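Notes for the one structure printed next.
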Amino acid sequence: MDSTGESQTASVRQSEPGLGEEVMDFAAQNRDEAALPGNCNAAFTHTAADFSAPTETDRTEEGWQISQSLRAKKKQAKERKFQQGGDFSAGSRPTTDNQPKRRGRPTRRRPPALPKDDLKVVFRPHQGLPLKNVTTQAISDAIVEACQGKVRWDQFILRIRPGSNIALASTPDTTVAMAMRGVTSLNINGRPHPVNIYVTAGEGTKKGVIHGIEPHTPSETIKASIRFRTQSVTLVDARMLGDSQSAVLTFFGDILPRYVYYRGGEKECIPFRNTVQFCRACGAVGHRTDVCPQPDSPVCHTCGMRNPEVNHNCTPTCAICTGNHITGDRSCLKRLKPIRKQAAKSPKKPHKPAPRWFQSEEEESEWEYGRGGTRKSRSRTRTPSKNRAVETGQPGQRHPKSTSTPRAISQDNPNAQALPRSKPPGACPAHSNPQADAVSYAQAVSPTTKHKPVTPTITEHQNTSG
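In the working numbering, the protein residues as written are -16 to 449.
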């Protein structure tokens, strides 16, 4: 079984579901339902000792060992990437500049992400304690008190998830996490509340599901029978999903194997999707039955009616999709949560403060052009200047511009005078004869243009001036 692409299996098992793995055991609640389609039974048997259920202490210890193993693997992978010259900054993620911006209705902002490399300790209270009605500082004080002075409130970050009715403590210190694992109850408002505590696998793992496994197969048997050919991936945990014939495999790495080999047989590894939680005690969607804050609330499990009458007529109604079936049925199209994809963030451009004023329009245009804009064009709302228009006998008609230089003009037309690049003589109000000067200026600029015969007065003026 040893090969280059095969992975080395871990020797520990995570008994409790990880953070965000909110799975309802619908097979245990509806044992009379049919099995999953496409499942097949394995052709081997186990002894009675193989099906012995582990104790709560064994589950907590195995979950702790898995979290420590994953943390060590993450540290080793980070060191290898650092030696190769990798970038671990927040802005080193692959981004796309052309990605459209999302526009949706304004909702409540999500809290910031917890430290990625911290240990996540989950406190799951028993029935009867709604955490949404308890403040975070009250739970934090209860944790410090239950740890008997081994933990301070400045050594962890506490967050409450009211939808799942759990509390999450994030800490980078291993000794703090070990002290929290020994807590069995929290004293809140002068009353002890029993809790279940486990450490999650954390980030950097991928989960897949395979079908056709014998129910109640031990974790060690599954891990010893799994092989795969995907490189740089390690199998960390394997467990059965309730009483069904499906097993959940947890891999450490960035890639989920598409196919695995269970006892030599090829099986497709499907990405794991969390199940929408449904409480059969109060009929609410979002939490499990074992952490229901109102376990004494009467509700009909078929139609969802609250305070139902005895022998009332009800029609099966799903609380998740409002379909004509019981809640959590395998035919429900919304029973599984969609896989959440992380959107790439576009890089932020450096902000350049705008100056308060400009010395000229050219300076403002250059500043706008440097920011990626366009240069300001000439204003078209102004009336044309009289100096740029040359009267040719027709009102409103302009003379075409010439690209000839004064020297070229003198060579083409020896009789014409080379005028400097300045305003035409007609622009001067003190000139003696503006009309004659305008005609001579037009002849000098464009000698090839045909003009009307000049009047005797203009000719005399040209002769006298010549």
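All C-beta atoms in this analysis are idealised placements derived from N, C-alpha and C, irrespective of residue type, glycine included. All figures in this text were calculated on a predicted structure; none of them were measured in a lab.
Simplified DSSP state of ARG63, which is helix, strand or coil: Shown here, ARG63 sits in a helix according to DSSP, grouped into three states.
Could you say which of ASN296, PRO276 and THR300 lies nearest to CYS286 if we only look at CA atoms? Closest by C-alpha distance to CYS286, out of ASN296, PRO276 and THR300, is THR300.
Starting from LYS250, follow the beta strand (DSSP E) in both directions and report where the run begins and ends. Secondary structure note for LYS250: its beta strand (DSSP E) is the uninterrupted segment 248 to 251.
Just mark THR183 as buried or exposed, buried being the case when its beta carbon has 16 or more other beta carbons within 10 Å. Around the beta carbon of THR183, 16 or more other beta carbons lie within 10 angstroms, which makes this residue buried.
For HIS284, I'd like the list of residues in its chain whose CB is within less than 6 Å of its CB, leaving aside the five on either flank, ordered along the chain. ARG263, listed in sequence order.
Can you tell me whether ASP237 is helix, strand or coil according to DSSP? DSSP places ASP237 outside both helix and strand once states are collapsed to three, so it counts as coil.
Start-to-end residues for the alpha helix (DSSP H) that takes in LYS206: Bounds of the alpha helix (DSSP H) holding LYS206 are 202 to 208.
Which residue spans inside the stretch 103 to 148 form an unbroken alpha helix (DSSP H) run of at least 4? As far as the stretch 103 to 148 is concerned, its whole alpha helix (DSSP H) runs of at least 4 residues are 119 to 129.
Less than 8 Å separating the beta-carbons of MET163 and ILE126? Yes, they are a contact pair.
So who's on the other strand from PHE261, going by DSSP bridges? The partner list for PHE261 (beta bridge, DSSP) reads VAL268.
Quick one: grab the DSSP three-state call for LYS451. With the chain covering -16 to 449 only, the question about residue 451 has no answer from this structure.
Which residue or residues does DSSP assign as beta-bridge partners of THR305? Answer is none; THR305 lacks a bridge partner.
Coil, strand or helix - MET163 by DSSP: Looking at MET163 - three-state DSSP - the assignment turns out to be helix.
Considering only C-alpha positions, which residue in the set ARG271, VAL259, GLN120 and GLU249 is nearest to ILE171? In terms of CA proximity to ILE171, GLN120 leads the group ARG271, VAL259, GLN120 and GLU249.
Just to confirm, are PHE234 and LYS206 a CB contact at a threshold of 8 Å? No, the Cβ-Cβ distance between PHE234 and LYS206 is not below 8 Å.
To the nearest angstrom, report how far apart ASP513 and HIS295 are at their CA atoms. Because the chain is modelled from -16 through 449, residue 513 falls outside the range shown and cannot be assessed.
Backbone CA spacing between CYS315 and ARG135 [nearest angstrom]: CYS315 and ARG135 have their alpha carbons spaced roughly 46 Å apart.
The beta strand (DSSP E) that contains ILE171, what's its start and end? Secondary structure note for ILE171: its beta strand (DSSP E) is the uninterrupted segment 168 to 171.
Since VAL293 and ILE180 are thought to touch, with beta carbons under 8 Å apart, how far apart are those beta carbons, to the nearest angstrom? That pair is no contact at about 41 Å.
Assess contact between the stretch 247 to 261 and the stretch 305 to 320, defined as three or more Cβ pairs (one per stretch) separated by less than 8 Å. Is contact present? Yes, the stretch 247 to 261 touches the stretch 305 to 320.
Three-state secondary structure assigned by DSSP to ARG256: In the structure shown, ARG256 sits in coil (DSSP, three-state: anything other than H, G, I, E or B).
Can you tell me which of the three DSSP states ILE180 falls into? Here ILE180 sits in strand by DSSP.
Using the Cβ count rule (16 or more neighbours within 10 Å means buried), how would you classify SER307? Ser is not the amino acid found at residue 307; the sequence shown has Asn there. Classification of ASN307: exposed, given that the 10 Å Cβ count is below 16.
First and last residue of the beta strand (DSSP E) that includes ALA96? DSSP places ALA96 in no beta strand (DSSP E); its state is neither H nor E.
Could you give the distance in angstroms between the alpha-carbon of LEU232 and the alpha-carbon of GLN48? LEU232 and GLN48: Cα-Cα distance of roughly 17 Å.
Excluding five sequence neighbours on each side, which residues of the same chain lie with their C-beta closer than 7 Å to the C-beta of PRO98? Here PRO98 has SER153 and PRO155 as same chain residues with Cβ atoms under 7 Å from its own Cβ, once five neighbours each way along the sequence are excluded.
Who are the near neighbours of THR272 in its chain, counting only those whose CB is closer than 7 Å to its CB and skipping five residues on each side? Excluding positions up to five away in sequence, the list reads CYS262, ARG263 and ALA264.
Candidates ALA160, LYS61, ILE309 and CYS304, of which the one nearest THR298 by Cα: When ALA160, LYS61, ILE309 and CYS304 are compared, the shortest CA-CA separation from THR298 is found for ILE309.
Considering Cα atoms alone, identify which of ALA267, ASP226 and ILE238 is closest to VAL216. Ranking the options by Cα distance to VAL216, first place goes to ILE238.
So THR310 is in the beta strand (DSSP E); what residue range does that whole segment cover? Taken as a continuous stretch (DSSP letters only), THR310 belongs to no beta strand (DSSP E), as it is neither H nor E.
Whole-angstrom distance between ASP220 and ALA160, CA atom to CA atom: ALA160 and ASP220 have their C-alpha atoms roughly 21 Å apart.
Going by C-alpha distance, which of PHE139, ALA96 and ARG144 is nearest ASN116? Selected option, being the one with the closest Cα: ARG144.
Sheet register partners of ASP220 (DSSP bridge): Per DSSP, the beta bridge partners of ASP220 are THR233.
If you draw a straight line from the C-alpha of GLY248 to the C-alpha of LEU112, how long is it? The straight-line gap from Cα to Cα measures roughly 46 Å.
Nearest neighbour of GLY187, chosen from HIS199, LEU169, LEU151 and LEU102 [CA to CA]: Nearest C-alpha to GLY187: LEU102.
Who does LEU151 pair with in a DSSP beta bridge? Answer by DSSP bridge pairing, in chain order: VAL105 and ARG142.
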